[in-house]
Structures are given as structure tokens and as C-alpha cells.
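A.B. asks: One structure coming up, written as C-alpha cells, with questions to follow.
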Amino acid sequence: MSMKTYRAKAAGWIAGRRVAAGEEIRLTASQAKYEPVEPVVAETTKPSRKAKAAPAPEPDPA
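Quick note on numbering: the sequence shown equals residues 1 to 62 in this note's numbering.
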């Protein structure tokens, strides 16, 4: 299995190591399944395109 980078949600023991909250660690998917971690998203990904907002209605001149 390939190793991926995860971020610890809380301080404690993860996969036999003592880690601080927010620390990034390398785990396999099967290890991460049972640990309080979240995947680290690569910062090189492009942000998703958002739909354009509807134009604001023009005020009634009356």
C-alpha cells in the first residue's frame, strides 16, 4: 500500500508514535482508517470554478 500524508486532529498516540495536534504524519489508508487523522490536501490543486452570481435586479425608478 502507498503511504499518504495525514494531519493529526488531536495530540496523542497515532500508529505507535506520540504526535502533537496538527502534526503531519505518513500512514497507509488502512492505518489512517482507525486513527484520529484527516488527509492533507495538496496545495497545488486548482480551486474549483464557481458559478457566476445572478445579476442584481435594477431598482424601480418610481
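Quick reminder that beta carbons are idealized off the backbone N, C-alpha and C, glycines included. Note that the structure is a prediction, hence the values are computed from the model and not measured.
#1: Helix, strand or coil, according to DSSP, for Ala-8 in the structure here?
#2: Just list the residues that DSSP pairs Pro-39 with in beta bridges.
#3: Between Lys-4 and Lys-52, what straight-line distance do the alpha-carbon atoms span, to the nearest angstrom?
#4: DSSP puts Glu-24 in a beta bridge; with which residues?
#5: Ordered along the chain, which non-local residues of its own chain (more than five positions away) have a Cβ less than 8 Å from that of Ala-20?
C.D. replies: The short version:
#1: The count along the sequence shown starts at 1 and reaches residue 8 at position 8. Three-state result, Ala-8: strand.
#2: Within the sequence shown, the letter at position 39 stands for residue 39. The partner list for Pro-39 (beta bridge, DSSP) reads Tyr-6.
#3: The residue given as residue 4 occupies position 4 in the sequence shown. The residue given as residue 52 occupies position 52 in the sequence shown. Approximately 35 Å between the Cα atoms of the pair.
#4: Taking the first residue of the sequence shown as 1, we reach residue 24 at position 24. Beta-bridge pairing links Glu-24 to Arg-7.
#5: What you label residue 20 is simply residue 20 of the sequence shown in a count that begins at 1. Closer than 8 Å at the Cβ level, and outside the excluded window around Ala-20, lie Ala-8, Ala-11.
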